[in-house]
Ligand code: G6Q
């Protein structure tokens with residue numbers, strides 16, 4: 329076992345100093361100049377792997393920048409850290425856990441040990457149970473309490489137990505059973521549950537309670553409401569036919585009233601936001617079938633192999649991760665936009681938001697030192713072309729630089745006239761416009777009135793990555809997700825942080841537990857928060873006591 333390098337914050341690395349000097353040296357360069365200077369730039373700055381084509385030529389870098397970033401990655405021991413992850417070492421140091429989402433898509437004959445035990449056979453045993461269950465539901469063998477087949481599946485889960493399943497369901501909708509309905513309840517707001525089930529027949533509805541811990545307040549509250557909804561319609565004995573669980577906590581599952589026979593397990597070495605290809609993906613498998621689910625795992629696997637074995641110079645997640653560090657930490661870009669030019673990927677930015685920000689929104693290095701550089705940027709986005717008609721204005725002419733990833737497919741899933749050509753023309757046009765802008769001279773030549781010219785200049789030099797794949801298949805989706813997972817890992821290694829814990833979400837949960845009983849206490853019960861929180865609690869108490877007007 330190798331030792332995890334907990335030592336040096338990024339800013340004390342030699343490679344950091346070299347990159348800072350390099351940044352000063354190339355400070356004035358912009359993309360127009362870089363492209364004019366090297367007509368073959370796009371041919372040099374791209375990479376292909378696991379079904380994805382990655383054009384990163386429109387970044388504010390020279391080939392020298394990339395070499396220095398690659399040196400820095402090596403100085404940060406990225407090759408060893410990759411091997412530590414794939415080898416099952418406990419690289420989630422603050423929780424003393426292995427980080428093995430890659431084992432979820434490992435082939436049967438691979439051996440990955442955690443604490444001396446090969447975990448791959450268990451992964452495949454769960455996958456096989458999931459497949460058998462999915463087949464029984466999909467072909468109508470599994471019946472509800474009244475003998476009706478299951479037509480509706482409601483996943484109850486939140487965070488990592490929700491965002492992956494929702495995103496995958498939307499992304500792979502083309503491959504789903506159209507005669508079944510899939511709903512996802514995450515929010516504690518009762519509206520979420522109400523709107524999800526209001527048109528469903530309980531006799532045809534299966535709830536999947538997805539919770540690694542089986543203690544999460546929102547999920548357990550929604551699960552109890554669902555149990556009551558089912559019980560009222562079908563009686564107590566129906567619970568066994570209408571509820572299954574995905575969890576690591578067998579005891580709590582049993583106590584809830586779900587037979588552990590109907591529980592699909594996973595392991596503490598799967599982080600919530602890295603779990604959509606574990607049993608947490610049961611709703612995905614029910615929707616698209618076992619074969620498509622396995623194709624998706626194959627895509628993940630292909631990207632895992634690419635990440636692990638491709639030289640860094642041609643390694644998609646490594647290069648993407650390094651560019652995120654370059655833009656975020658060295659060039660000061662606080663956010664990154666993700667714009668999938670595909671309607672099926674409408675929830676992909678929300679999914680990435682958790683993957684990237686919960687992983688790399690950290691201020692302490694592995695040894696506990698406060699970083700003196702910026703770590704994970706804000707990730708956000710919307711599908712193209714919709715975003716073009718709303719916030720792209722700021723990306724083109726705002727005062728902040730927002731590097732973006734534009735994702736597209738060469739072939740549509742629903743060919744229809746010129747739709748897809750228009751879609752892709754827009755993707756390419758945005759990348760071109762953001763990079764090269766529109767100059768005063770061009771506007772003058774076009775005869776634009778002088779007073780309008782300042783308003784119509786686009787300065788350009790806005791970086792974009794273009795990621796293209798053939799078609800949105802289950803395998804391509806798996807590959808795309810793994811691409812971002814490994815990019816996030818790469819970034820975390822450079823920043824020297826633990827990308828796999830999430831201590832920052834703890835404080836709010838603790839305070840909510842304190843505030844909850846205070847909301848229902850008598851109006852004069854003393855409060856000990858700050859004056860703002862106290863006054864807001866009092867306002868709520870009064871409104872609650874008075875009832876709706
Ligand atoms: C993800 C986080 C978090 C988690 C949810 C749900 O990495 O850990 O989003 O997935 O809090 O947790 P449970 O699955 O335990 O309900």
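In the working numbering, the protein residues as written are 329 to 877. Idealized CB from N, CA, C, for every residue including glycine. Being a predicted model, the structure only gives us computed values, none of them experimental.
Sequence-distant residues of the same chain with beta carbon closer than 7 Å to residue i, five excluded per side
i           : result
residue 329 : Confidence at residue 329 is low in this model, with a pLDDT of 47, below 50, so the placement of that residue should be treated as unreliable; the coordinate-derived value is given next. Contacts found: 417.
residue 759 : 386, 734, 792, 794
residue 829 : 420, 422, 423
residue 751 : 669, 713
residue 606 : 432, 594, 598
Residues bridged to residue i (per DSSP)
i           : result
residue 786 : 766
residue 683 : DSSP lists no partner for residue 683.
residue 445 : 442
residue 480 : 509, 533
residue 778 : Answer is none; residue 778 lacks a bridge partner.
residue 381 : 376, 796
residue 368 : BP columns for residue 368 are empty, so no partner.
residue 665 : 708, 732
residue 806 : Bridge partners of residue 806: none, in fact.
residue 361 : DSSP output for residue 361 lists no bridge partner at all.
residue 737 : 797
residue 892 : Residue 892 is absent from the structure shown; the chain starts at 329 and stops at 877.
residue 487 : Answer is none; residue 487 lacks a bridge partner.
Residue i versus residue j - alpha carbon distance
i           : j           : result
residue 513 : residue 801 : 26 Å
residue 805 : residue 628 : 8 Å
residue 463 : residue 505 : 12 Å
residue 809 : residue 715 : 22 Å
residue 364 : residue 358 : 10 Å
residue 427 : residue 600 : 11 Å
residue 864 : residue 857 : 10 Å
residue 375 : residue 518 : 47 Å
residue 453 : residue 576 : 15 Å
residue 631 : residue 391 : 24 Å
residue 757 : residue 717 : 14 Å
residue 547 : residue 490 : 10 Å
residue 842 : residue 555 : 27 Å
residue 844 : residue 688 : 30 Å
residue 781 : residue 726 : 16 Å
residue 366 : residue 354 : 15 Å
residue 639 : residue 445 : 30 Å
residue 655 : residue 876 : 50 Å
residue 558 : residue 370 : 58 Å
residue 675 : residue 499 : 8 Å
Own chain partners of residue i with C-beta closer than 6 Å, once the 5 adjacent residues on each side are dropped
i           : result
residue 799 : 737, 739
residue 563 : none
residue 373 : 384, 385
residue 379 : 797, 804, 807
residue 551 : 484, 537
residue 635 : 645, 814
residue 690 : 703, 825
residue 681 : 707
residue 553 : 521
residue 346 : 396
residue 351 : 658
CB-CB length for residue i against residue j, believed under 8 Å
i           : j           : result
residue 509 : residue 479 : 7 Å
residue 851 : residue 873 : 6 Å
residue 672 : residue 511 : Contact doesn't hold; Cβ gap of about 18 Å is too wide.
residue 598 : residue 432 : 7 Å
residue 534 : residue 494 : Their Cβ separation, rounded to whole angstroms, is 17 Å, which puts residue 534 and residue 494 out of contact at 8 Å.
residue 457 : residue 592 : 6 Å
residue 720 : residue 339 : Not really, about 34 Å apart at Cβ, beyond 8 Å.
residue 724 : residue 753 : Residue 724 to residue 753, Cβ: 17 Å. No contact.
residue 847 : residue 867 : The Cβ separation is near 11 Å, so there is no contact.
residue 833 : residue 684 : In fact, because the Cβ distance is near 15 Å, the residues do not count as touching under 8 Å.
residue 469 : residue 531 : No, residue 469 and residue 531 are not in contact; Cβ-Cβ is about 16 Å, not under 8 Å.
residue 492 : residue 609 : 7 Å
Cβ-based neighbour list, residue i, same chain, cut-off 8 Å, excluding 5 preceding and 5 following
i           : result
residue 722 : 728, 730
residue 784 : 766, 771, 776
residue 831 : 422
CB contact check: residue i to chain B, cutoff 8 Å
i           : result
residue 679 : Absent from the structure is chain B; it holds one protein chain and no more.
The ligand ZN heavy atom lying under 7 Å from the CB of residue i
i           : result
residue 484 : Questions concerning the ligand ZN fall outside what the structure shown contains, since the ligands it does hold are the ligand G6Q.
Is it a yes or a no for the stretch 657-676 touching the stretch 836-843, going by three-plus beta-carbon pairs under 8 Å? no
Evaluate contact between the stretch 393-412 and the stretch 819-833, counting only Cβ atoms and requiring at least three cross-stretch pairs below 8 Å. yes
Would the stretch 600-618 count as touching the stretch 781-792 if we require 3 or more Cβ pairs under 8 Å? no
Three or more beta-carbon pairs under 8 Å between the stretch 755-769 and the stretch 570-590, yes or no? no
Does the contact criterion of 3 or more C-beta pairs under 8 Å hold for the stretch 525-532 versus the stretch 577-584? no
The stretch 442-451 touching the stretch 537-546, judged by at least three CB pairs closer than 8 Å: no
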